[in-house]
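Novice:
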Amino acid sequence: MTVVADIQNPSGSGPMTVHDLEGMPDDGRRYELIDGVLLVTPVPGYRHQKIGYRLHHVLEAACPPEFDVLGAPFAVHVGDRMELQPDVLVGRGEDFTAKDLPVPPVLAVEVLSPSTSIHDLNTKKAVYERLRVPSYWVIDPAAPELTVFELDEDGVYQQVAKSAGAEVFPARRPFPVRVVPEALVGRVEGPGRTRHAWHRGSLSRSR
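Heads up, the sequence shown is in my numbering, so the first residue is -1 and it goes up one at a time.
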């Protein structure tokens, strides 16, 4: 969920750098940089955060020791003009620093919103592809649906899976894990109204 922001470069004309991000206000919004262009995400709502939390839980439960699972706001910092904050990411534990991931993750996940779905499915997808992120997952809460892209031998994303509703997606990359779109979305009308049950390596709603 990302939108282009009409914010001036604090250091003057020309593309922004990651150093310019340090001057952004601490207002809860997500500030990202793609090729020197500032992108700002509104403060995530309850539904968005709940979906990210549930997926984080599913991945964490199945994650082998050589990987780590983190959620936004944690920066993927690649070069001086590129800083991304996927809703959920998986990286190799040895690659993380105390404040960022200075190399591309092995999995990036974005949760769509109505106003930003085209951007997430095009601009961000193209950037993750260019950075050679092996796997890119897109969660559409409205369906609910999970679309999975993976790099082919030529370094181009191919859609390898699409699971909707109660369909199980048996992921193999970056590690084996079972994901159910319906369970990630669940009932998220508001606090205190969610019903869910945890299972090792998967997530499903209580019946």
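Glycine included, every Cβ here is placed at the ideal spot set by N, Cα and C.
Could you please give the first and the last residue of the uninterrupted beta strand (DSSP E) stretch that includes A106?
Specialist: As a working mapping, residue 106 is identified with position 108 in the sequence shown. 105 to 109 is the extent of the beta strand (DSSP E) around A106.
Novice: Which residues in the same chain have their Cβ closer than 6 Å to the Cβ of H98, if we skip the five residues on either side of it in sequence?
Specialist: The residue given as residue 98 occupies position 100 in the sequence shown. Position check: residue 98 holds Asp in this sequence, whereas His was assumed. Around D98: A73, H75.
Novice: DSSP on G50, reduced to helix/strand/coil?
Specialist: Position 52 of the sequence shown, counted from the first residue, corresponds to residue 50. G50 falls in the helix class under three-state DSSP.
Novice: Would G91 and D66 be called neighbours here (beta carbons separated by less than 7 Å)?
Specialist: In the sequence shown, residue 91 corresponds to position 93, counting from 1. In the sequence shown, residue 66 corresponds to position 68, counting from 1. Cβ distance < 7 Å, so G91 and D66 count as in contact.
Novice: Per DSSP, what kind of secondary structure is F66 in: helix, strand or coil?
Specialist: For the purposes of this step, residue 66 is taken as the residue at position 68 of the sequence shown. The sequence shown places Asp at residue 66, not Phe. Here D66 sits in strand by DSSP.
Novice: Alpha carbons only, please: which of L68, S111, M80 is nearest the one belonging to A96?
Specialist: The residue you call residue 96 lines up with position 98 of the sequence shown. For A96, the nearest C-alpha among the options comes from L68.
Novice: Hey, would you say P102 sits closer than 7 Å to L82, going by beta carbons?
Specialist: In the sequence shown, the residue the question calls residue 102 occupies position 104. In the sequence shown, the residue the question calls residue 82 occupies position 84. Going by C-beta atoms, P102 is not nearer than 7 Å to L82.
Novice: Quick one: Cα of A60 to Cα of G12, how far?
Specialist: Taking the sequence shown and counting its residues from 1, the one referred to as residue 60 is at position 62. Taking the sequence shown and counting its residues from 1, the one referred to as residue 12 is at position 14. Approximately 44 Å between the Cα atoms of the pair.
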